[in-house]
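Residue 34 in numbering that gives the first Met the number 0 sits at position 35 of the sequence shown; the count goes up by one each step and never skips.
Every residue, glycine too, gets a C-beta built ideally from N, C-alpha and C.
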Amino acid sequence: MSFYVTTPIYYVNAAPHLGHAYTTIAADVMARHHRQRGEATFFLTGTDEHGEPVADAAHALGVTPQELADRNAERFKALAPQIEASNDFFIRTTDPQHMTKVQEVLTRVRENGFVYEGTYEGWYCPRCADFKAENEIDEGNRCPIHHIELTREQEDSYFFKLSAFQERLEALYAERTDFVLPRTRYNEALSFIRSGLRDVPLSRHKLTWGVPVPWDTEHVFYVWFDALLNYYSALSYAPAPAGLPEDESADLLKTFWPPSYHLIGKDILRFHAVYWPALLMAAELELPEHMLVHGFLLMDGEKMSKSLGNVLDPFAVIERFGADALRFYLLRDVPLGQDGSVSTASFEQRYESELANELGNLASRTIAMIGRYRDGTIAPGEVDAVLREDFLGLSEGVSECLDRAELTLALDEIWQRVRRLNRYVEEQAPWQLAKEPTRAGDLDLVLRTLAEGIRCVTVLLWPYIPTSAERLLAALGAPGLSLAGAALGTGGIEQVEPLEPLFPKDRGERELQSGEGTVA
Ligand code: ME8
Numbered sequence: 000m001s002f003y004v005t006t007p008i009y010y011v012n013a014a015p016h017l018g019h020a021y022t023t024i025a026a027d028v029m030a031r032h033h034r035q036r037g038e039a040t041f042f043l044t045g046t047d048e049h050g051e052p053v054a055d056a057a058h059a060l061g062v063t064p065q066e067l068a069d070r071n072a073e074r075f076k077a078l079a080p081q082i083e084a085s086n087d088f089f090i091r092t093t094d095p096q097h098m099t100k101v102q103e104v105l106t107r108v109r110e111n112g113f114v115y116e117g118t119y120e121g122w123y124c125p126r127c128a129d130f131k132a133e134n135e136i137d138e139g140n141r142c143p144i145h146h147i148e149l150t151r152e153q154e155d156s157y158f159f160k161l162s163a164f165q166e167r168l169e170a171l172y173a174e175r176t177d178f179v180l181p182r183t184r185y186n187e188a189l190s191f192i193r194s195g196l197r198d199v200p201l202s203r204h205k206l207t208w209g210v211p212v213p214w215d216t217e218h219v220f221y222v223w224f225d226a227l228l229n230y231y232s233a234l235s236y237a238p239a240p241a242g243l244p245e246d247e248s249a250d251l252l253k254t255f256w257p258p259s260y261h262l263i264g265k266d267i268l269r270f271h272a273v274y275w276p277a278l279l280m281a282a283e284l285e286l287p288e289h290m291l292v293h294g295f296l297l298m299d300g301e302k303m304s305k306s307l308g309n310v311l312d313p314f315a316v317i318e319r320f321g322a323d324a325l326r327f328y329l330l331r332d333v334p335l336g337q338d339g340s341v342s343t344a345s346f347e348q349r350y351e352s353e354l355a356n357e358l359g360n361l362a363s364r365t366i367a368m369i370g371r372y373r374d375g376t377i378a379p380g381e382v383d384a385v386l387r388e389d390f391l392g393l394s395e396g397v398s399e400c401l402d403r404a405e406l407t408l409a410l411d412e413i414w415q416r417v418r419r420l421n422r423y424v425e426e427q428a429p430w431q432l433a434k435e436p437t438r439a440g441d442l443d444l445v446l447r448t449l450a451e452g453i454r455c456v457t458v459l460l461w462p463y464i465p466t467s468a469e470r471l472l473a474a475l476g477a478p479g480l481s482l483a484g485a486a487l488g489t490g491g492i493e494q495v496e497p498l499e500p501l502f503p504k505d506r507g508e509r510e511l512q513s514g515e516g517t518v519a
């Protein structure tokens, strides 16, 4: 059993912002969850460094594309540990091994008869690095995403015969209705396919910043073909993840290909849901199992973006509240798949009411009571049958949600149990039981059940809030993270240790929204 999850590789034309953090965090939750299941897991992220978006930004700054790529790739690389992303590799498309692989695969596509020479004429957005069809153009010949004027391009290109895959793509979508999730995005991709596929440029003649076309070095590959192949090339040269058995480490492509999940934003649906499977078919490679397409994080009703300058600063949020709070907020507040507004006010509200009160206080109170009434010791025995019933099937339910990439729903399943535990404290009132010596056994049962319940939800919360979960499990003296141990009553907690507040309320004053232009 293996699991391979990817994020898009991000353009290095500017610094990372919350939108990038969002996709990476969602992929990280999936990767961590599958590691908890004991599966061989590979989690890939990285940077997309070629093409016009990067060449133009470098030109504007008076630096070479390579200098800009080096500078910003470092910032994306640094973002990963800051948001607690546990990626196994960070690919840069300027890695020579990647470039060689792109040339190799696309040469095979040509040998298989899917490349021809021609002339492209049409509208082009240099920020999207995308050729726009007539029906995708806003008034005044503008890009619907970036609102900039499109350029009219005419150039000699090699073309990829996308049209040859019309029927095979339709058959793929008919057979695999969960190829693209959620369903609305599946429908969108399918209707694009059904509207009739046209061949697309595979190379650029005017650009020099890219992977050279090996059979005609006057051309570089169109950045999207170079970029998409990262998911494949990375496995040909990345080091094996620590702890992977030797026989699975020798050839990562054999162990991990095809990808289990590509996580992407809806802005890049067509490239992934249409071009990518066609390209893989043309290269005779196996197709990914699923792609999960999420919506945009919005501020002031607009897509948060570097070029629009309206972003919630992830670094400021992390500095004040910690990465766990950011991770939790993004996956709790915005149902993955839909667009969702984020704001400093809703962030602070979730932090306070859910993390600090419902989880943090529950943990602190419980541990404090076990300390006060029982000197930190849990008497061995069964857990409360009522709670056992309420927790039945929880970890299986969470796994099922995550198999369908329902990250928000899985978190909600867990959170309902956090709330159940809070109600249990109120119902049982251990502080009353502690006053009645004849009910010592009941107090033991309640404290044991609470400690066990907190342990279970915390094991399940680990993919979402890894640092806080590890601290809490350490305080419970039960550091095991395996999903198999997430059933109520299996933890055998004996002794708990005092715990500093997990989500303190005093968090400093740094502004959470970054100003115009500066996004990091
Ligand atoms: O498109 N809300 O790179 P990119 C949610 N290099 N997610 C957002 C977002 C927002 N406001 N803004 C960005 C590229 N994202 C290509 C990809 S892949 C082979 C090549 C996230 O830097 C989201 O995942 O423009 C989106 O798809 C991605 O960043 C685009 O990043």
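Residue i Cβ short of 7 Å to the ligand ME8 heavy atom set
i       : result
Ala-226 : yes
Thr-44  : no
Thr-407 : no
Pro-7   : yes
Asn-229 : yes
Tyr-328 : no
Asp-374 : no
Tyr-10  : yes
His-49  : no
Trp-147 : A small fix is needed here, since residue 147 is Ile in this sequence, not Trp. No.
Leu-201 : no
Ile-90  : no
Tyr-274 : no
Thr-207 : no
Gly-18  : yes
Reference residue i, options the options, closest by Cα
i       : options                               : result
Phe-191 : Pro-436, Glu-166, Asp-27 and Phe-255  : Glu-166
Leu-251 : Phe-41, Pro-15, Ala-30 and Ala-477    : Phe-41
Trp-214 : Val-104, Arg-197 and Val-199          : Val-104
Leu-206 : Thr-407, Asp-87 and Ala-54            : Ala-54
Ala-30  : Glu-412, Arg-387 and Ala-404          : Ala-404
Leu-358 : Met-368, Ile-453, Pro-334 and Val-273 : Ile-453
Val-10  : Leu-227, Glu-412 and Ala-473          : Reading off the sequence shown, one finds Tyr at residue 10, where the question assumed Val. Of the listed residues, the one whose Cα sits closest to Tyr-10 is Leu-227.
Buried/exposed call for residue i, threshold 16 Cβ in 10 Å
i       : result
Asp-246 : exposed
Trp-461 : buried
Val-341 : buried
Gly-516 : Note that Gly-516 scores 31 on pLDDT, short of 50, meaning its location in the model is unreliable; the coordinates nonetheless yield the value given after this. Flag for Gly-516 reads exposed.
Asp-383 : buried
His-218 : buried
Leu-501 : buried
Gln-427 : buried
Lys-504 : exposed
Asp-374 : exposed
His-32  : buried
Gly-440 : exposed
Trp-275 : buried
Gly-195 : exposed
Length of the line joining the Cα atoms of residue i and residue j
i       : j       : result
Ala-409 : Ala-59  : 44 Å
Leu-43  : Thr-6   : 7 Å
Leu-471 : Ala-362 : 8 Å
Glu-499 : Leu-291 : 37 Å
Ala-241 : Glu-318 : 29 Å
Val-13  : Ile-136 : Note that residue 13 is Ala in the sequence shown here, rather than Val. Answer to the nearest angstrom: the Cα atoms are 25 Å apart.
Val-62  : Thr-99  : 25 Å
Ile-263 : Tyr-21  : 10 Å
Gly-490 : Glu-496 : 16 Å
Asp-198 : Tyr-3   : 30 Å
His-16  : Ser-398 : 29 Å
Glu-425 : Val-445 : 11 Å
Ser-481 : Leu-279 : 35 Å
Phe-130 : Pro-313 : 32 Å
Met-0   : Pro-258 : 12 Å
Thr-523 : Ala-485 : Lying before the first or after the last residue shown, residue 523 is absent from the chain, which here runs from 0 to 519.
Extent of the continuous alpha helix (DSSP H) to which residue i belongs
i       : result
Ile-369 : 361 to 373
Ala-486 : Per DSSP, Ala-486 belongs to no alpha helix (DSSP H) and is neither H nor E.
Trp-223 : 222 to 227
Val-458 : 439 to 460
Lys-100 : 95 to 110
Ser-91  : Rather than Ser, the amino acid found at residue 91 in this sequence is Arg. Where Arg-91 is concerned, there is no enclosing alpha helix (DSSP H), although the beta strand (DSSP E) it sits in stretches over 88 to 91.
Min CB distance residue i to chain C below 8 Å
i       : result
Pro-429 : The structure shown contains no chain C; it is built from a single protein chain.
Host beta strand (DSSP E) of residue i (start-end)
i       : result
Leu-297 : 296 to 298
Lys-265 : Run containing Lys-265: none; DSSP gives neither H nor E here.
Ser-156 : 150 to 159
Arg-504 : It should be pointed out that residue 504 corresponds to Lys in this sequence rather than to Arg. Careful: Lys-504 lies outside any beta strand (DSSP E) and carries neither H nor E.
Met-290 : 289 to 293
Gly-121 : 114 to 124
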